[in-house]
Amino acid sequence: MKALLARILEATLARAEREGALPAWGGRPAALATIDVPRSEAHGDFATNLALLYAKPAGLPPREVAVRLKDRLVDPEGAIASVEIAGPGFLNFRLAPEVWWRGLAEVAARGAAFGRTDLGGGARVDVEFVSANPTGPMHVGHGRGAVTGDAIAALLSATGHEVTREYYVNDAGAQVKILARSVHLRYRELFGEAVVFPEESYPGAYVADVAKRLRDAHGDRFLGAPEEAWLPLFSETAVEHVLSLIREDLDGLGIRFDVWTSERKALRDSGELAEVLGDFRRRGLVYDQDGAVFYRSTRHGDDKDRPVVKSSGEPTYLAGDIAYHRDKFRRGFAWCLDVWGADHHGDIPRVKAAVADLGIDPARLRFTLVQMVNLLRDGKPVKMSKRAGTVVSLREIVSEVGRDATRFFFLLRRGDAQLDFDVGLAKRQSDENPVFYVQYGHARLCSILRRAREAGLPPPAHDLAALRALDLPEELSLARRVLALPELVAGAATALEPHRLVFWLQETVAAFHGYYTKHRTTEKVIGPDPVKTRARLFLCDCLRQAVANTLGLLGVAAPERMDRAAAEEVG
RNA sequence: GCGCCCAUAGCUCAGUUGGAUAGAGCGUCGGACUACGAAUCCGAAGGCCGCAGGUUCGAAUCCUGCUGGGCGCGCCA
4 MKALLARILE ATLARAEREG ALPAWGGRPA ALATIDVPRS EAHGDFATNL ALLYAKPAGL
64 PPREVAVRLK DRLVDPEGAI ASVEIAGPGF LNFRLAPEVW WRGLAEVAAR GAAFGRTDLG
124 GGARVDVEFV SANPTGPMHV GHGRGAVTGD AIAALLSATG HEVTREYYVN DAGAQVKILA
184 RSVHLRYREL FGEAVVFPEE SYPGAYVADV AKRLRDAHGD RFLGAPEEAW LPLFSETAVE
244 HVLSLIREDL DGLGIRFDVW TSERKALRDS GELAEVLGDF RRRGLVYDQD GAVFYRSTRH
304 GDDKDRPVVK SSGEPTYLAG DIAYHRDKFR RGFAWCLDVW GADHHGDIPR VKAAVADLGI
364 DPARLRFTLV QMVNLLRDGK PVKMSKRAGT VVSLREIVSE VGRDATRFFF LLRRGDAQLD
424 FDVGLAKRQS DENPVFYVQY GHARLCSILR RAREAGLPPP AHDLAALRAL DLPEELSLAR
484 RVLALPELVA GAATALEPHR LVFWLQETVA AFHGYYTKHR TTEKVIGPDP VKTRARLFLC
544 DCLRQAVANT LGLLGVAAPE RMDRAAAEEV G
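The first sequence begins at 4 in this note's numbering and counts up by one.
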């Protein structure tokens, strides 16, 4: 729709210049001007600031420019119903209803693909998210990162990007060593030893499970053995076990990764990490100090140089990250996105610096930071302590409130704002709970369409003549909302902000509920007038499709019916 | 001390990348069902957009300085 208006504006501007009403300004105004949907419907369907921008180069008051443009409107198809000059010189356009009614044909034609576009032009993009250390099951904070990353990946797919969902397994660092030691302590405990667990060890029951598995497979062979004898085996077994737990957690959210990259295998054993460090060494990008190796990240704006190899000879996390990003870009992605917990924001300058030193334009590496989640239960904060082992796992939340509510709640806010997740609210079957509100709207639409089917009415189809018979303002407004979806998805993808879809869903479903209730007695969808009935059923079907597609992008189910009793049983 | 993020209705937050009279949900108060699904809807009250300057036709949005909160500043990951 915006494209249509852009064409009209350009033609109008060209005409005004040709006729000498406005001085030529090299076509720039049309490119600079914005066409947006005004907040208030009273201001029309679209507004442009073209005249405001043109005022200065034209040497005329903005409103005068607006008048000259308005008088020369080029609209051969009659798409514009009215043009008004408002405020300081805005041009407000109202499209003929016909344009909207015609537009709905696209919804029917594209079905489940409605809302998708090809902006990305097939560009290959890597979205790396979660990447939680394989030292325990996922907790709530990981869950938000997981759902956010997954939804962003879906948005990019929907806008013509070829997306790889990737998980970086940090299985080579000190944390994994601590995990393996924790397993060994549990292992000794299984043989009756009274062991003391140091503060830093991992307490979870899964640690004991790994210990049991190792005992069953190897008996007491590693009981008194030196650490070198058991560390590799214990690490690998523990990581493998924890990754299977993480996979189950992700499964519970409906998330699948295309690529799992192991730091140990892909970067260390492969020699890639050593190779990058060697390359940096040759180019003078690293230097030795106090027995360690430092990377000159300050050359690219970091506030201090960062160690890449400890004096023990072990590479640091940053070294892995440098090699990892080189690896990712070598795989040919147009750009890469890292979805990180906001507590890691301090690492961004280093990684960007490294990417620049790898000869890659740092603009090709983007970041999305996901802020903390505050877990609440009916308004009261849930106390969590890592030491006391009272961290609430993601799994507990998902099994308590369900996949849909979990995903929806994680997407309820902008990623860079902290999020309150109220477990009590998320599972409540009431209008306070936004996920139920939206799903209910979809079920209600389905219910109407089902009823029409049962009454023997023909399936909904685009029928321009019938649509012309619709005259309620709410109906036009609903059509506008539906047709705004492709641009909404495109904008959300560009900004990497899936929460915009959540807001659109809430507003759109609210608009439908309002329409439904307002006209439930006099202008029902299925009413005495067969022409209007046909048109309204089609409009409802378009709404249903748009809502279902949007929920689909968020990975939330669009139920066709919601049986109250069954829902309560689940809850 | 330095860096990043945040500050909008009682609460939780949107605000279309600088547009018009700043919106929504929850909460509060008052209304609407012999139902195409009341798990819904309608109405009311509620604002110094943290403060002070600046940029311009125009600022919640951009710049500077304060105030107040979160996070980071390790040879941890």
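Glycine is no exception: its CB is placed at the ideal position from the N, C-alpha and C atoms.
No experiment lies behind these values; they were computed from the predicted model shown.
Item	Value
Whole angstroms are fine: how far does the CA of ALA420 sit from the CA of VAL385?	19 Å
At what residues does the alpha helix (DSSP H) containing THR319 begin and finish?	Note, THR319: premise wrong, no alpha helix (DSSP H); not H, not E.
Assuming ASP153 and GLY558 are in contact, meaning their beta carbons sit under 8 Å apart, how far apart are those beta carbons, in whole angstroms?	6 Å
If we count the other Cβ atoms within 10 Å of its Cβ and call it buried at 16 or more, is TYR171 buried or exposed?	buried
If I follow the unbroken alpha helix (DSSP H) through GLU243, where does it start and stop?	230 to 255
With a threshold of 16 other CB atoms inside 10 Å of the CB of GLU500, please say whether the residue is buried or exposed.	buried
Given that a residue counts as buried once 16 or more other Cβ atoms are within 10 Å of its Cβ, and exposed if not, what is LYS355?	buried
When burial is assigned at 16 or more other CB atoms within 10 Å of the CB, is ASP174 buried or exposed?	buried
Note the first and the last residue of the continuous alpha helix (DSSP H) segment covering GLY281.	275 to 285
In terms of residue numbering, what span does the alpha helix (DSSP H) encompassing TRP104 cover?	100 to 113
Around the C-beta of GLU44, are 16 or more other C-beta atoms found within 10 angstroms, so that it is buried, or is it exposed?	exposed
Please determine, among VAL312, VAL395, ARG284, the residue with the shortest C-alpha to C-alpha distance to GLY294.	VAL312
If you count every other CB in all the chains shown that lies within 10 Å of the CB of LEU35, and 16 or more means buried, which is it?	exposed
To which residues of the same chain is VAL186 closer than 6 Å at the C-beta, ignoring the five residues directly before and after it?	VAL210, VAL213, ALA214, PHE237, ALA241
Indicate whether the contact test is met: 3 or more Cβ pairs, each with one atom in the region 115 to 129 and one in the region 463 to 472, closer than 8 Å.	no
With which residues is LEU368 paired in a DSSP beta bridge?	CYS339
Select from GLU457, ASP532, GLY530, ALA549 the residue whose C-alpha is nearest the C-alpha of ARG483.	ALA549
Grouping DSSP H, G and I as helix and E and B as strand, with all else coil, what is GLY344?	strand
Quick check: what's the CA-CA separation for GLU403 versus ASP261?	28 Å
Say whether the region 259 to 276 touches the region 326 to 342, bearing in mind that this needs 3 or more beta-carbon pairs closer than 8 Å, one atom from each stretch.	yes
Check the C-beta distance from ALA322 over to LEU276 and give it rounded, since I have them as a contact under 8 Å.	6 Å
Mark SER315 as exposed unless 16 or more other C-beta atoms lie within 10 angstroms of its C-beta, in which case mark it buried.	exposed
Return the chain-ordered list of same chain residues with a C-beta closer than 7 Å to the C-beta of LEU372, the five sequence neighbours on each side being excluded.	TRP343, ALA345, HIS348, GLY418, ASP419
LEU248 to HIS145, Cα distance in whole Å?	13 Å
Assign PHE411 to one of two classes, buried (16 or more other C-beta atoms within 10 Å of its C-beta) or exposed (fewer than that).	buried
Assess, as a yes-or-no matter, whether the region 517 to 528 is touched by the region 84 to 101 under the definition of 3 or more beta carbon pairs within less than 8 Å.	no
From this set, GLY555, SER160, LYS307, LEU158, which residue's C-alpha is nearest ASP407's C-alpha?	GLY555
By how many angstroms is the C-alpha of GLU278 removed from the C-alpha of LYS331?	15 Å
For GLN292, which three-state DSSP category applies?	strand
Is it buried or exposed for GLY62, if we count other Cβ within 10 angstroms and need 16 for buried?	exposed
Relative to the C-alpha of MET2, which residue among VAL130, LEU397, PHE515, PRO489 is closest?	Any question about residue 2 goes unanswered here, given that the chain covers just 4 to 574.
Does the Cβ of ALA19 have 16 or more other Cβ atoms within 10 Å, making it buried, or fewer, making it exposed?	buried
Does DSSP put THR151 in a helix, in a strand, or in coil?	helix
On the three-pair Cβ rule with 8 Å, is the region 506 to 521 touching the region 429 to 445?	yes
Per DSSP, ASP39 is paired with what?	ALA50
When the Cα atoms are used, what is the spatial distance from TRP233 to ALA359?	40 Å
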